[in-house]
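Written out below as structure tokens is the structure these notes cover.
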Amino acid sequence: MQAVDGVDLELFPGEIHALVGENGAGKSTLAAIAYGAVVPDEGTVSADGVVGLVHQHFKLIERLRVWENVLLNREPRRGWTIDVAAARARVNALAATYGLAVDPDAVVETLPVGIKQRVELLRELDREPSVLLLDEPTAALAPSEIASFFTTITALAARGTAILVVTHKLAEVIAYSQRVTVMRAGRVVARHVTGETSADAIAREMVGGEVPALAARAATAPAPLLEVRGLSAQSATSALDDATFEVRAGEIVGIAGIEGNGQTALADALAGVVPFTGELRFDGEELRPTDSPAARLERGIRVIPQDRRHEALVLSWTVRDNVVLGRQRTLPRAAYGDAAREVIERFDVRPPDPNAIAGALSGGNQQKVVVGRTLAAHAKLVVAYQPTRGIDIGAAALVQSRLIEARNAGVGVLLISFELDEIFACADRVLVIANGKFAGAFERATIDRGRVGALMAGHA
Amino acid sequence: MSALLRSRAFRDVAVVIVVVFGVGSLAMLLAHVSPIDGFGALFDGAFGTRSELAETLVQTTSLLFPALGIALAFRAGLFNIGAEGQLILGGFAAGWLGAQFPLPGYLAIPMVLLAGALAGGVWGAIPGFLRARFHANEVIATLMLNVVAFLLATYLVNGPLQQGGAGASETATLPKAAQLPDLIADSRLTWAFVIALVLAFVLRWVLQRTVFGYELRAAGDAPEAAKRAGIDLARTAFVAMALSGAIAGLGGATIVSGVLHRFNTGLSPGYGFIAIAVALVGNLDPLWIVVAAFAFGVLQSGGVAMQAEAGVPRDVVSLVTGLVIIALAGRRVVSSLRST
Numbered sequence: 002m003q004a005v006d007g008v009d010l011e012l013f014p015g016e017i018h019a020l021v022g023e024n025g026a027g028k029s030t031l032a033a034i035a036y037g038a039v040v041p042d043e044g045t046v047s048a049d050g051v052v053g054l055v056h057q058h059f060k061l062i063e064r065l066r067v068w069e070n071v072l073l074n075r076e077p078r079r080g081w082t083i084d085v086a087a088a089r090a091r092v093n094a095l096a097a098t099y100g101l102a103v104d105p106d107a108v109v110e111t112l113p114v115g116i117k118q119r120v121e122l123l124r125e126l127d128r129e130p131s132v133l134l135l136d137e138p139t140a141a142l143a144p145s146e147i148a149s150f151f152t153t154i155t156a157l158a159a160r161g162t163a164i165l166v167v168t169h170k171l172a173e174v175i176a177y178s179q180r181v182t183v184m185r186a187g188r189v190v191a192r193h194v195t196g197e198t199s200a201d202a203i204a205r206e207m208v209g210g211e212v213p214a215l216a217a218r219a220a221t222a223p224a225p226l227l228e229v230r231g232l233s234a235q236s237a238t239s240a241l242d243d244a245t246f247e248v249r250a251g252e253i254v255g256i257a258g259i260e261g262n263g264q265t266a267l268a269d270a271l272a273g274v275v276p277f278t279g280e281l282r283f284d285g286e287e288l289r290p291t292d293s294p295a296a297r298l299e300r301g302i303r304v305i306p307q308d309r310r311h312e313a314l315v316l317s318w319t320v321r322d323n324v325v326l327g328r329q330r331t332l333p334r335a336a337y338g339d340a341a342r343e344v345i346e347r348f349d350v351r352p353p354d355p356n357a358i359a360g361a362l363s364g365g366n367q368q369k370v371v372v373g374r375t376l377a378a379h380a381k382l383v384v385a386y387q388p389t390r391g392i393d394i395g396a397a398a399l400v401q402s403r404l405i406e407a408r409n410a411g412v413g414v415l416l417i418s419f420e421l422d423e424i425f426a427c428a429d430r431v432l433v434i435a436n437g438k439f440a441g442a443f444e445r446a447t448i449d450r451g452r453v454g455a456l457m458a459g460h461a
Numbered sequence: 260m261s262a263l264l265r266s267r268a269f270r271d272v273a274v275v276i277v278v279v280f281g282v283g284s285l286a287m288l289l290a291h292v293s294p295i296d297g298f299g300a301l302f303d304g305a306f307g308t309r310s311e312l313a314e315t316l317v318q319t320t321s322l323l324f325p326a327l328g329i330a331l332a333f334r335a336g337l338f339n340i341g342a343e344g345q346l347i348l349g350g351f352a353a354g355w356l357g358a359q360f361p362l363p364g365y366l367a368i369p370m371v372l373l374a375g376a377l378a379g380g381v382w383g384a385i386p387g388f389l390r391a392r393f394h395a396n397e398v399i400a401t402l403m404l405n406v407v408a409f410l411l412a413t414y415l416v417n418g419p420l421q422q423g424g425a426g427a428s429e430t431a432t433l434p435k436a437a438q439l440p441d442l443i444a445d446s447r448l449t450w451a452f453v454i455a456l457v458l459a460f461v462l463r464w465v466l467q468r469t470v471f472g473y474e475l476r477a478a479g480d481a482p483e484a485a486k487r488a489g490i491d492l493a494r495t496a497f498v499a500m501a502l503s504g505a506i507a508g509l510g511g512a513t514i515v516s517g518v519l520h521r522f523n524t525g526l527s528p529g530y531g532f533i534a535i536a537v538a539l540v541g542n543l544d545p546l547w548i549v550v551a552a553f554a555f556g557v558l559q560s561g562g563v564a565m566q567a568e569a570g571v572p573r574d575v576v577s578l579v580t581g582l583v584i585i586a587l588a589g590r591r592v593v594s595s596l597r598s599t
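Heads up: the sequence lines are chains A and B, in that order.
My numbering numbers the first residue of the first sequence as 2 and each following residue consecutively.
My numbering numbers the first residue of the second sequence as 260 and each following residue consecutively.
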């Protein structure tokens, strides 16, 4: 299969060029080819000067200091040793030039995501690139950080650097780019001067048709289901501090927040894989920290984990065996095939083959299997953590529609997402999480997007 | 065709063939022996006569038990390199109890085999418990427990539990009723071979068809996903290690009951270690492990003939086996590190 097929792309000094497309359209592959990390089967790449690339998943050495990362393999030397003072000065000068404040001596693993990205950016800027490629640069940033990030990028472009931003966030494309290239299935399907097109038009070009509508919301009679008082928990990457909220049967509660602000701790505490303190009542009975994941599954608490490849699927297994996972104690062996076919049919899993190996499926189809098996099981509460992460618009709409249908049928849904659009599209109520604390609550009818964004960034 | 060439099982077999014949030939050339003569002697020694073939199957059996145990642990994501110790203690329990408490025929053999499985099981359960309770690395624990097992058996058989066997480091001879009956007359091949084959089929059925096997494989293949699906990883690790040890211990008991008719501290020339290579070459699939055990059985029994008739040191077989372990286990460890 070809990720990129016969693509022409030109970048000019001083312009910000947006490259958009759905997951799997070939954007990242194209960026990797331009950088030289992937060798194309056919075609050529030429650039005047150095090409820099900032990865979506940062390629930093966590245990090293900022200056060690920024100057890796280009360290100023004094004989056989590294001139640390000069290195520090160079990073400080670089940071001052581009307005990217960092502490050169900080160890990278102690830094928040937004600062890590600065480090990654500084590392590329030290090489004085004439072309800078940015792969999903705002995925981990708060709305306010996004604005200041683009201020930096715009200034960089003004100095004559050619910039390519790979993204799926169309609002940023419209706001900050001068030209936009749309890719679908490995080919370029449209090129625009940004000012002459719109976000809706680009979205249609990305999907190759109309963007599918979500399922209709039915009237429900919300009844108490999950009551949480003073929940604190700690997971590997985040902590949750004293959270009090409730999820009722027949409603979707959205948790809006930037990655790393306590969402993982919340999802893991409910799944039963990390300990917690606080009082939880589920379906009229107490939920204790010591209740095993198996006991919670039995009571009807089902979690769609954030990381489908590690936390949800056994990639080397078939779709059928994966569909059973979580129900292996209750489902008789003879029913495995039917259970798999049911999920495949309801969620349009492709290929529609229960014997397909899960690891060979696209991300979107893997996610359909995970969401499908969760909703097919006996579930009273579904915790959906980034249920549409990295999947295409069509698959995302299907997943969101199925969650809404589950809500219509009386399931309580806790939707934890880093995508505000997803929260606003699906949730009956929205809670904002920042720095591990709940910062605000909104009803669907009276959601104030600006206010939610400000709370997410930690502004009270 | 190209899919077959790229498949892991195929590459493993290719690696084994290259290592066995390539390195084997090189070592023979260094010993100034033509590889044709060397391998000729090896295969002749393994298949030449009915009794040589029987001896090859004896070696196959002794490798098959620990290899099946190791594979079971591996499928649960655990690297049991303590099969040697589990096998030795299983053999000791079988030999000592069998000689100490003579029972009628229909009870004696089951008791001896059960004692072996229990002792091996306990020895496997120790690292299983340490792993489940304290997240102790089972590789280190099982490796060290091998030494402890050997020294413990040596101490017991020479000290507090001495039975006045024929020589040092031996129990008394088992009564006839406790000896596994021969499968081929006038050979050392006994019904242990059949038990091992049946065990391979049972193990495959358990792994592929039962909820227990499903949960065990999930815990091994994707522990994070398994945990979230309600599978108790600690319990699975404990049970898998105990069962793994029990199967290796059962193997030790069959060597005592079928081959030596007494426990001797030298009962294993390293079956528990060679079995790691057997399990990996068999791609952790019980039925392929039968095939792999036979291949290594050929090396084991043919190696003796090779030394006697072609003058190639038997160590060549150990060298080749060791390289197979490094090549296959090393790759597995590297790929498991990369995936996390």
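The C-beta atom is built at its ideal place from N, Cα and C for all residues, glycine as well.
Contact test: residue i Cβ vs the ligand NAD heavy atom, cutoff 7 Å
i: P223 (chain A); result: Looking for the ligand NAD in the displayed structure turns up nothing, as the structure carries no ligands at all.
Closer than 8 Å to chain B by CB, residue i
i: L326 (chain A); result: yes
i: D185 (chain A); result: Note that residue 185 (chain A) is Arg in the sequence shown here, rather than Asp. Output row for R185 (chain A): interface = no.
i: H58 (chain A); result: no
i: V414 (chain A); result: no
i: Q401 (chain A); result: no
i: Y177 (chain A); result: no
i: E312 (chain A); result: yes
C-beta neighbour in chain A for residue i, strict 8 Å
i: R487 (chain B); result: yes
i: V575 (chain B); result: no
i: A290 (chain B); result: no
i: A600 (chain B); result: Residue numbering for chain B in the displayed model covers 260 to 599; residue 600 (chain B) lies beyond these limits and cannot be assessed.
i: Y473 (chain B); result: yes
i: E483 (chain B); result: yes
i: M260 (chain B); result: Bear in mind that the predicted position of M260 (chain B) carries a pLDDT of just 45, short of 50, making it unreliable; the figure below should be weighed with that in mind. No, because no Cβ of chain A sits closer than 8 Å to the Cβ of M260 (chain B).
i: D544 (chain B); result: no
i: D491 (chain B); result: yes
Residue nearest to residue i in terms of C-alpha spacing, selected from the options
i: V46 (chain A); options: A:I34, A:H311 and A:D243; result: A:I34
i: Q438 (chain B); options: B:Y365, B:T319, B:G531 and B:A569; result: B:Y365
i: A222 (chain A); options: A:G7, A:L456 and A:G413; result: A:G413
i: G15 (chain A); options: A:F246, A:R188, A:H311 and A:I164; result: A:I164
i: G1 (chain A); options: A:R185, A:E125, A:A224 and A:I256; result: Since the displayed chain A opens at 2 and closes at 461, residue 1 (chain A) lies outside it and no answer follows.
i: G307 (chain B); options: B:T432, B:E568, B:P572 and B:A391; result: B:E568
i: Q566 (chain B); options: B:F360, B:A305, B:Q345 and B:L582; result: B:A305
i: P1 (chain A); options: A:E287, A:V52, A:L415 and A:R180; result: What the structure shows of chain A is the stretch from 2 to 461, and residue 1 (chain A) is not part of that stretch, so it cannot be assessed.
i: A586 (chain B); options: B:F333, B:V537 and B:G357; result: B:V537
i: E110 (chain A); options: A:A4, A:K60 and A:D284; result: A:K60
i: I399 (chain B); options: B:P361, B:A342 and B:M287; result: B:A342
Cβ separation of residue i and residue j, assumed to be a contact under 8 Å, to the nearest whole Å
i: I448 (chain A); j: V431 (chain A); result: 6 Å
i: L372 (chain B); j: S516 (chain B); result: 7 Å
i: S321 (chain B); j: G510 (chain B); result: 6 Å
Burial state of residue i, where buried means 16 or more other Cβ atoms lie within 10 Å
i: A435 (chain A); result: buried
i: P333 (chain A); result: exposed
i: Y414 (chain B); result: exposed
i: N356 (chain A); result: exposed
i: E23 (chain A); result: buried
i: V406 (chain B); result: exposed
i: I154 (chain A); result: buried
i: S293 (chain B); result: exposed
Cβ contact (3+ pairs, closer than 8 Å) linking the region 325 to 332 of chain A and the region 357 to 368 of chain A:
no
Three or more C-beta pairs closer than 8 Å, one from the region 17 to 27 of chain A and one from the region 167 to 183 of chain A: is that the case here?
yes
Could you tell me whether the region 314 to 323 of chain A touches the region 390 to 403 of chain A, using the rule of 3 or more Cβ pairs below 8 Å?
no
Between the region 447 to 467 of chain B and the region 308 to 325 of chain B, are three or more C-beta pairs nearer than 8 Å?
yes
Measuring CB atoms only, is the region 290 to 300 of chain A touching the region 409 to 429 of chain A, in the sense that at least three cross pairs come out at less than 8 Å?
no
Can at least three beta-carbon pairs, one atom from the region 457 to 464 of chain B and one from the region 537 to 551 of chain B, be found at a separation below 8 Å?
yes
Assess, as a yes-or-no matter, whether the region 63 to 76 of chain A is touched by the region 98 to 105 of chain A under the definition of 3 or more beta carbon pairs within less than 8 Å.
yes
Below 8 Å, can you find three or more Cβ-Cβ pairs linking the region 260 to 275 of chain A to the region 342 to 349 of chain A?
no
Should the region 513 to 531 of chain B be regarded as contacting the region 371 to 391 of chain B, the criterion being three or more beta carbon pairs within less than 8 Å?
yes
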